[in-house]
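Worksheet for the structure shown next.
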Amino acid sequence: MEWITTSWEAVQEWLYSTWSIIIELVRSFKVTDAIDVILVSFIIYSAIKLLRETRAGQLVKGLLIILAVWLLSSYFQLYMLKSLFSYFFQFSMIALLVVFQPEIRRALEQLGRTEIGKGLAAKGWFAGSAKTEEELLRQQVRKGINAVVDVAASFQKSKTGALIVFERQTKLGEIIDTGTVVDAEPSPPIIGNIFWNKAPLHDGAMVMRAGKVYAAGCILPLTKNDSVSIELGTRHRAAIGLSEVSDAVIVVVSEETGQISMAVNGLLTRDYTRETLRSELQNLLLPVEQDAGEHRSSKIPSIRRAKKR
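If you count the sequence shown from 1, position 251 lands on 263 in my numbering, and the numbers rise without skipping.
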């Protein structure tokens with residue numbers, strides 16, 4: 013019975029000391045501490061979310077295994093193995109920057125697309141444009157949307173395959189470099205000639221920049237998502253792949269069925285008609301007119317509104 017009494021006293025002492033520490037922390041807790049905890053929690057949550065959504069998650073698992081082996085080598089005093097991993101960790105930060113470059117770039121781009129980033133841009137801290145220039149841009153983008161919608165509706169009937177990318181805030185210079193710069197005014201004949209099945213550029217993607225047909229014959233990255241249906245062809249996989257690493261809007265016309273689809277933020281929605289395609293593109297690409305005194309911003313609603321069929 014004595015050991016029970018001793019154990020209970022030890023538990024009581026531990027509870028008392030723990031409670032004293034908690035009370036002391038609560039008394040010394042400040043508003044800045046709360047902000048600190050919230051920011052750290054948000055960063056950790058965002059990092060975990062990003063890793064889960066990309067193939068970087070597998071690399072992290074590998075790094076955790078290496079870390080576990082290093083800790084075991086230290087515990088069991090395996091000096092050669094410990095030295096090897098010590099050299100590895102000395103250069104690990106540079107290696108991580110190289111390996112996770114796409115994920116880091118994506119995270120920074122997403123940060124720039126938040127309301128904070130848009131607000132800074134709207135106030136002219138990073139960029140600015142005159143009202144007349146914005147109106148001209150709206151007209152040009154609307155012209156490009158109308159041309160693409162007309163061509164997509166025509167391709168839907170003739171079952172002509174097409175892959176059309178609308179560039180938004182994320183610049184697609186690397187994608188454009190894989191194709192041929194056109195820089196032409198948008199029109200159904202020009203787009204139709206690009207995707208004519210005997211044209212040299214018809215197998216690649218066409219990039220729309222600021223409402224113009226800027227490049228054609230471009231190569232897009234394929235999605236790495238294993239959950240994507242095996243029924244989807246290369247065009248659809250390329251559309252999803254680019255939408256996973258940028259904020260671009262990608263329109264796809266199926267060569268087999270003539271079905272019109274759209275990929276945004278890694279999500280593919282299908283069965284668009286002329287009217288629904290025009291409406292969705294206008295919602296995604298045209299700035300919202302706001303009341304006087306308020307800044308203008310890009311309207312980027314969730315593509316989940318369009319039902320997947």
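Ideal Cβ placement from N, Cα and C applies to all residues, glycine included. Only a predicted model underlies this, so the values are computations on that prediction, with no experimental measurement involved.
For residue i, which residues of its own chain have a beta-carbon under 6 Å away from its beta-carbon, when the five flanking residues on both sides are left out?
i      : result
Gly278 : Ser255 and Glu256
Ala217 : Leu175, Val177, Cys230 and Leu232
Leu296 : Val261
Tyr226 : Asp195 and Val219
Quick one, are the C-beta atoms of residue i and residue j less than 8 Å apart?
i      : j      : result
Glu267 : Lys171 : yes
Thr190 : Ser258 : no
Ile157 : Arg247 : no
Arg221 : Glu179 : yes
Trp82  : Phe97  : yes
Ile203 : Ala275 : no
Lys224 : Pro200 : no
Ser85  : Lys73  : no
Counting C-beta neighbours from all protein chains within 10 Å, is the total for residue i 16 or more, i.e. buried, or is it exposed?
i      : result
Thr30  : exposed
Val23  : exposed
Asp238 : exposed
Pro212 : exposed
Ala80  : exposed
Arg249 : buried
Ile47  : exposed
Lys319 : With a pLDDT of only 37 at Lys319, under the threshold of 50, the placement of this residue in the model should not be trusted; the figure read from the coordinates follows. The residue is exposed, with fewer than 16 neighbouring Cβ atoms inside 10 Å.
Ile188 : buried
Leu293 : buried
Val161 : buried
Val49  : exposed
Leu184 : buried
Tyr284 : buried
Excluding the 5 residues preceding and the 5 following residue i in the sequence, name in chain order all residues of the same chain whose CB lies nearer than 7 Å to its CB.
i      : result
Trp137 : Per-residue confidence for Trp137 stands at a pLDDT of 49, beneath the threshold of 50, marking its modelled position as unreliable; the derived number appears in the next sentence. Taken in chain order, the list of residues that qualify is empty.
Thr235 : Arg249, Ile252, Gly253 and Glu256
Ser141 : Residue placement at Ser141 is poorly supported in this model, since its pLDDT is 45, which falls under 50; the coordinates are not used for a value here.
Ala228 : Gly191, Thr192, Val194, Ile206, Leu213, Gly216 and Met218
Val265 : Ala164, Phe167, Gln168, Thr172, Gly173, Ala174 and Ile272
Thr154 : The residue you asked about is not Thr; residue 154 is Arg in the sequence shown. Answer for Arg154: Leu298, listed in chain order.
Once you ignore the five residues that flank residue i on each side, which residues in its own chain have a CB closer than 8 Å to its CB?
i      : result
Ile116 : Leu109
Ile35  : none
Can you name the start and end residues of the beta strand (DSSP E) that residue i belongs to?
i      : result
Ala211 : Run containing Ala211: none; DSSP gives neither H nor E here.
Gly270 : First-last for Gly270: undefined, no H or E at that position.
Leu254 : Careful: Leu254 lies outside any beta strand (DSSP E), inside the alpha helix (DSSP H) at Thr246 to Val257.
Thr285 : Counting along the chain, Thr285 falls outside any beta strand (DSSP E), and DSSP gives it neither H nor E.
Leu234 : Leu234 -> no beta strand (DSSP E), and no H or E assigned at all.
Leu298 : Segment: none, Leu298 is in no beta strand (DSSP E) and carries neither H nor E.
Ile242 : Where Ile242 is concerned, there is no enclosing beta strand (DSSP E), given that its DSSP letter is neither H nor E.
Report whether the distance from the Cβ of residue i to the nearest heavy atom of the ligand COA is below 7 Å.
i      : result
Pro212 : Here there are no bound small molecules, and the ligand COA is not part of this structure.
task = Give, in chain order, every unbroken run of the alpha helix (DSSP H) that is at least 4 residues long and sits entirely within the region 66–105.
result = 68–87 and 91–102
task = Would you list, in sequence order, the uninterrupted beta strand (DSSP E) runs of no fewer than 3 residues that lie entirely inside the region 157–231?
result = Note on the region 157–231: whole beta strand (DSSP E) runs with a minimum of 3 residues are 174–178, 192–196, 217–221 and 224–230, in chain order.
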